[in-house]
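Numbered according to numbering that gives the first Met the number 0, the sequence shown spans residues 0 to 194.
Idealized CB from N, CA, C, for every residue including glycine.
Computed from a predicted structure; not experimentally measured.
Inspection log for the structure reproduced underneath, given as structure tokens.
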Amino acid sequence: MAANLPESNSAPSDPRWRNFIIAMAAIALAIALSLGFRTQTPTTTLETLATKAVPIDVAVNNGKPTLIEFYANWCTTCQAMAEDVSKLKTEYGDKLNFVMLNVDNTKWLPEITRYRVDGIPHFVYLNPQGESVAETIGEIPRLIMAANLDALIANSSLPYAKASGQISAFAPKIMPSQSNTDDPRSHSSQVKSEN
């Protein structure tokens with residue numbers, strides 16, 4: 000006894016057959032879209048990187064070179080680079096420190112001022128003694144960052160020390176007061192009163 004299957008010569012005109020094909024195509028499309036969106040979603044977030052970062056006070060004192068990233072959660076450029084920074088951390092994490100400083104946290108205002116952060120992401124490369132040897136700003140391709148990290152680890156000049164890319168503008172909300180002598184870019188002179 001045969002099941003109620005459409006005959007081969009009437010299959011294309013049978014509405015049940017056509018509905019079956021449409022349903023299968025819809026299922027295949029849904030699976031393809033689901034997989035496509037899943038592969039495009041970044042798996043690394045800035046928060047994840049920040050929680051796994053080395054504290055700055057440890058980094059400047061442990062004798063290893065350091066990469067500091069100034070970032071913000073709202074920074075789309077920072078978000079776009081998170082996956083690459085995570086891969087670099089996996090590759091270089093045993094040879095150097097990765098420090099993440101959120102510019103929205105006023106705790107980091109002295110560092111923001113010291114390194115003159117006015118756009119993010121802002122990367123500062125520190126030698127093993129904790130001294131700044133180069134800075135880059137904006138979205139930097141992973142290969143360029145890797146070349147800089149290789150040079151930093153080798154204690155050589157960074158090949159892309161002045162690299163820059165797309166940034167998110169940033170201005171600190173509060174600036175610490177400085178005397179004119181503290182700022183080498185200040186051209187005003189102090190006047191002493193004689194009384």
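- The alpha-carbon of N126 is positioned some 7 Å away from that of L151.
- Taking 8 Å as the cut-off, the Cβ atoms of A79 and E138 count as close.
- Residue nearest to G129 within the set R141, N96, A145 is N96 (criterion: CA-CA distance).
- Between the C-alpha atoms of C74 and L100 there is a straight-line separation of about 13 Å.
- The residues M99, in chain order, have a CB closer than 6 Å to that of A49 in the same chain once the five nearest residues on each side in sequence are set aside.
- Among the bridge pairs identified by DSSP, N101 is matched with Y70.
- Under the 10 Å beta carbon count, F19 is surrounded by fewer than 16 other beta carbons and is classified as exposed.
- Taking 8 Å as the cut-off, the Cβ atoms of L148 and L108 do not count as close.
- Counting only runs that start and end inside the region 118–158, the beta strand (DSSP E) elements of at least 3 residues fall at 121–125, 131–136.
- Secondary structure at T89: helix, using DSSP grouped into helix, strand and coil.
- Contact between S85 and T43 is confirmed by a C-beta separation of about 4 Å, below the 8 Å threshold.
- In the displayed model, N18 falls within a helix according to three-state DSSP.
- The straight-line gap separating the alpha-carbon atoms of V123 and A31 is approximately 41 Å.
- Between L157 and V132, the C-beta spacing is below 8 Å.
- T47 sits in a helix when the DSSP states are folded into three classes.
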